[in-house]
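Just so you know, the sequence shown maps onto residues 0 to 247 in numbering that gives the first Met the number 0. Ideal Cβ positions, reconstructed from N, Cα and C, are used throughout, including at glycine.
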Amino acid sequence: MKQKPVLIIILAIFHFLQPFINIVYLKLTTHYDFFMIFQNLLELDGVKSLFDFWLLFPLGGLALLLVRKWSFFIFVFVQFYSIYLHLFYEKYTWPYVSEHPLSFSIILLIFNIFFIIYVCLPNIRALFFDETKRWWQTSRRYFINTPCQITVISSGSVFSSRIINVSKTGAFVETSIDLPKGTILTIAFNYKLISYSLTGKIISTHAINDIRGSGIKFLLDKFHSNELPAIKNLVKTLKKIQTQNIGN
């Protein structure tokens with residue numbers, strides 16, 4: 000099974016565990032028992048203080064783990080907000096009860112600063128902003144190689160093409176003309192005596208086995224949810240045929 004980059008997973012786990020690591024650190028470095036620590040942490044003054052201790056870093060971990068355009072900005076915001084909290088920390092107040100914030104938090108914070116630089120590198124940033132770069136999200140594709148008709152929604156232009164492969168989330172279609180990313184279109188074709196008309200959005204342009212074409216992501220929102228049964232039926236049929244071919 001394909002998975003996200005290991006570094007992203009590890010850092011996200013650190014973010015999720017951060018509140019509990021701080022609690023253990025408090026227990027080891029103070030005379031307070033766990034009951035008193037939890038009691039004080041659950042009675043922090045105001046919603047903001049509760050959020051800062053219990054939810055801030057887990058929110059950053061969740062944003063990092065989701066790997067989306069909007070989550071990139073949330074993750075970066077969490078890091079800068081954490082820096083702000085450390086710079087303006089009030090001495091000997093909860094949750095740290097010390098002159099300075101916990102050393103582990105500072106170490107993690109320094110590491111996060113370097114990680115922000117890392118995720119801003121072009122090839123890493125692309126994972127957040129270009130869904131075609133997220134290799135772990137690619138579904139299994141089935142070879143179909145069937146003639147189809149493409150209709151561009153915005154202009155109404157129609158041209159003949161060939162659908163090369165299909166997955167439950169999209170398709171690769173051979174195209175003789177250049178269509179920009181984001182173009183919404185419908186793909187109409189017949190397969191095994193069944194007619195299909197699927198709506199999708201172009202997310203990439205590349206070649207597969209010297210065949211130049213466009214990667215298309217099916218639109219499965221509430222406006223096109225009626226197409227989902229057809230997609231499932233097509234994938235099921237192609238999977239069955241592929242299994243039979245392997246058996247033969």
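For residue j and residue i, the rounded distance between their alpha carbons
i      : j      : result
Glu130 : Val66  : 9 Å
Trp135 : Lys3   : 6 Å
Glu226 : Leu25  : 55 Å
Ile183 : Ile207 : 21 Å
Leu192 : Lys68  : 41 Å
Phe188 : Tyr195 : 5 Å
Thr29  : Met35  : 11 Å
Exposure label - residue i; buried when at least 16 CB within 10 Å
i      : result
Ile163 : buried
Cys147 : buried
Gln17  : buried
Thr242 : exposed
Ser138 : exposed
Given residue i as reference, the closest of the options once Cα atoms are compared
i      : options                        : result
Phe279 : Leu61, Leu55, Lys68            : Only positions 0 to 247 of the chain appear in this structure, which leaves residue 279 out of reach.
Thr198 : Tyr88, Ser160, Asp220, Phe127  : Asp220
Pro179 : Ile230, Ile201, Ile20          : Ile201
Ile230 : Phe33, Ile123, Tyr141          : Tyr141
Leu233 : Leu10, Ser166, Ile149          : Ser166
Ile112 : Phe127, Arg133, Phe76          : Phe76
Asp177 : Phe114, Ser154, Phe171, Thr204 : Thr204
DSSP beta-bridge partners of residue i
i      : result
Glu173 : Arg161, Gly212
Pro146 : Arg161
His205 : Gly212
Ser154 : Ser154 pairs with nothing; no bridge assigned.
Tyr141 : Val165
Alpha helix (DSSP H) segment containing residue i, residue limits
i      : result
Thr137 : Looking at the DSSP string, Thr137 is not in any alpha helix (DSSP H), and its letter there is neither H nor E.
Trp69  : 68-86
Residue span of the beta strand (DSSP E) that contains residue i, given as start and end
i      : result
Leu184 : 183-190
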